[in-house]
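Chains as they are written, first to last, in our numbering: chain A, 778 to 1378; chain B, 1430 to 1619.
Note that beta-carbon positions come from the ideal geometry of N, C-alpha and C, so glycine has one too.
Everything numeric in this text was worked out from a predicted model, so none of it was measured.
Okay, so here's the structure we're looking at.
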């Protein structure tokens, strides 16, 4: 516990110092906006150095030898630890906690929306609740799979002993807790009510909580950039002998494509939020119409990140699902190379479609056609991935365990999300669908369907590897089905209310939509309850579940060829790679991990 | 010339860790390019190519020259270090830091004037202070990094045997200079 206490203390001291400097050098008060910014920056640095970055790293910068602090058992997870498996587990647990919190916030929203007027909250409070749900869930979707499985599995799957930059990896993770705390503490200074999108002019004019939102999300973006950088560098430089690009497990390719995106475009989110801070604090006029600025600029800069961000969330999900489908249908992955090309072209085309979020924003009309065409072009590589999933399942020897069940659900939901997306990409239909619950339902089908279901599937699939114990199969299947069924019952009605003109982002709606909304709210509550089962299953199994063998799924990829959980540096001896990762049932195919004459361990 | 004219031995090629570090640094530059790109493109969206009459063109040109000169001295420092010329390394690093500090001083002077003619509340002022501020912050971090390698290298710690820290910092310095080479025309030369 000592590193945590040390980090907290030096974080508080850092905050005080930063806020004090701001108070002394400018006209800002100690709780003013500039003091919040400088306080957060210094507090973040204080926290990072306190938690262990100083000992493990900072000492080098002043000519001292770095100290590594060793710890055993659960204490490993509560310190600046550079082991990628520890960091992956830290991300997984953190993100699941944030997910459950944000889910509770969603339940509060559905409670408010159960009937038309202002019931549980005032309209103003509802906006704050909605913004909190939005940004927390976005964080989970961005860093859930990529942070947890990306860190845990990429080095294992390519036969490396760790990431390319282990200390940057630990730094990236430990930036996340202050971000979460700043977001959750924002209500103390007036909260933020501009949605997770933080559109100006509101985000320039609203309470001080928006400032905390901005600095926290910028820090989260930096963590995401560093994580992306690490995965790209790891995949390029750390592959084991024989692990050619065409033998990479498909999840590694997906994480690689998503990491290229998060390395580059995330800077645009940071830029847009910095511009808001400058407008609020330094008196610039990027988005202020009186000085000649334009709020439309924000939407361009913001969506240049936030549309590709959808692929940062979904690409790793696709990787997890294809991985699971191949291993559980005991067949080679169908059209492996086409899938790889699709991942890369989704990342590429996905970066130039951002303005389809702006069809109703007053953007130049001659841009609508090109952005519509480009957006719909993304459905071609996406279709290839569906084809690969179905082609792999076709005549496979299906082994219906919880991960495969969730993968089936994923295919269904992402399909609904994709098809409903066409109507939003068409600017003609988007004009009437924009800002309605149709968008909300579509978005939840793609992101919950594409990212969260994959996060759940991956959690079950790699649970034995991470914890060394098996989860309860029956409880897992009940949870998966429960979650899936009530997800449909919640969100299909929302398509309907959206088509009937119910606006998103506000607390009230037309009286005649009350019945359907009450139904959706009840279904949402039952869906939320399914997570009790999920949490109980994982917690109980991690402690008391039957001990897992090294390879319970009989899978070929490298992470299953080492013990569960893997030893500290992953492989007892440096591995080399022979056959492909998915050559199930291929006659005469050599194993993926090259057999050595005298195996160690 | 204090440095040897003979090329250093590249026989074994860069080590694995060094290749990884180099790749990481270039990926970082790619990422930073997007940050600068966001602000540069925003400048053209909000104020097109307009520039105010009151820009101090002479000062900006002088700043550009100072920064370009600092890139040359940084290169000489890197080369001197790779040839184990510790004295040269110190001299050229100090020169680079001096030129960089001179640049920051010039920026402060420029800001003082700019606050009068086109304050942040105007649309050109918005782009001007944001972009120059963003760049000056990068120069400041570069100066800190240069000071760190100067301090750590005072007893000849780096040299050809451990040249990466020096090389990394100098590459970063070149990157910051290159950013200015693009920001300068963006703000002044239309």
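Span of the alpha helix (DSSP H), counted from its first residue to its last, around residue i
i	result
residue 1149 (chain A)	1145–1154
residue 802 (chain A)	779–802
residue 1207 (chain A)	1204–1210
residue 1000 (chain A)	986–1014
residue 1133 (chain A)	Segment: none, residue 1133 (chain A) is in no alpha helix (DSSP H) and carries neither H nor E.
residue 1085 (chain A)	1072–1106
residue 929 (chain A)	928–935
residue 1623 (chain B)	An answer regarding residue 1623 (chain B) cannot be provided, because it is not within the stretch 1430 to 1619 covered by chain B.
residue 1453 (chain B)	1445–1476
residue 1069 (chain A)	Neither: residue 1069 (chain A) is in no alpha helix (DSSP H) and is coded neither H nor E.
Where residue i falls, given that 16 or more other Cβ within 10 Å makes a residue buried
i	result
residue 1367 (chain A)	exposed
residue 1589 (chain B)	exposed
residue 987 (chain A)	buried
residue 1567 (chain B)	buried
residue 1537 (chain B)	exposed
residue 1439 (chain B)	Confidence at residue 1439 (chain B) is low in this model, with a pLDDT of 42, below 50, so its placement is unreliable and no value can be given for it.
residue 1123 (chain A)	buried
residue 1602 (chain B)	buried
residue 1346 (chain A)	exposed
residue 839 (chain A)	exposed
residue 1445 (chain B)	exposed
residue 1487 (chain B)	exposed
residue 1141 (chain A)	exposed
residue 1449 (chain B)	buried
residue 1187 (chain A)	buried
residue 804 (chain A)	exposed
CB contact flag (residue i, residue j, <9 Å)
i	j	result
residue 1032 (chain A)	residue 876 (chain A)	no
residue 1508 (chain B)	residue 1578 (chain B)	no
residue 791 (chain A)	residue 800 (chain A)	no
residue 1155 (chain A)	residue 1116 (chain A)	no
residue 1312 (chain A)	residue 1214 (chain A)	no
residue 1484 (chain B)	residue 1613 (chain B)	no
residue 1595 (chain B)	residue 1585 (chain B)	no
residue 1528 (chain B)	residue 1502 (chain B)	yes
residue 761 (chain A)	residue 1219 (chain A)	For chain A, the structure presents residues 778 to 1378; residue 761 (chain A) sits outside this window and is missing.
residue 903 (chain A)	residue 1283 (chain A)	yes
residue 1043 (chain A)	residue 937 (chain A)	no
residue 1271 (chain A)	residue 1225 (chain A)	no
residue 1233 (chain A)	residue 884 (chain A)	no
residue 1606 (chain B)	residue 1497 (chain B)	yes
residue 1240 (chain A)	residue 1308 (chain A)	no
CA nearest to the CA of residue i, picked from the options
i	options	result
residue 1159 (chain A)	A:1246, A:1088, A:1325	A:1088
residue 1098 (chain A)	A:1054, A:824, A:1029	A:1029
residue 1059 (chain A)	A:981, A:1012, A:1025, A:1074	A:981
residue 1208 (chain A)	A:1134, A:1243, A:1195	A:1134
residue 947 (chain A)	A:1000, A:1175, A:1272, A:1022	A:1000
residue 1495 (chain B)	B:1455, B:1534, B:1586, B:1584	B:1534
residue 1349 (chain A)	A:1340, A:1356, A:1075	A:1340
residue 945 (chain A)	A:873, A:1006, A:896, A:912	A:1006
residue 861 (chain A)	A:780, A:1260, A:924	A:924
residue 1112 (chain A)	A:974, A:1167, A:1127	A:1167
residue 1300 (chain A)	A:996, A:1261, A:1326	A:1261
residue 847 (chain A)	A:836, A:835, A:863	A:863
residue 852 (chain A)	A:779, A:1305, A:1332	A:779
residue 971 (chain A)	A:1053, A:935, A:1004, A:1066	A:1053
residue 865 (chain A)	A:943, A:1164, A:1315	A:943
residue 1355 (chain A)	A:1092, A:929, A:1334	A:1334
residue 816 (chain A)	A:793, A:894, A:906	A:793
residue 1104 (chain A)	A:1082, A:1152, A:1149, A:1181	A:1181
residue 919 (chain A)	A:1265, A:1083, A:1322	A:1083
Which residues DSSP lists as bridging residue i, in chain order
i	result
residue 1516 (chain B)	None; residue 1516 (chain B) has no bridge partner.
residue 818 (chain A)	Its beta-bridge partners do not exist; DSSP assigns none.
residue 1324 (chain A)	A:1246
residue 1354 (chain A)	A:1370
residue 1277 (chain A)	Beta-bridge pairing links residue 1277 (chain A) to no other residue.
residue 1213 (chain A)	A:1280
Chain E contact residues for residue i, given Cβ-Cβ distances below 9 Å
i	result
residue 1077 (chain A)	Protein chains A and B are contained in the structure displayed, whereas chain E is not.
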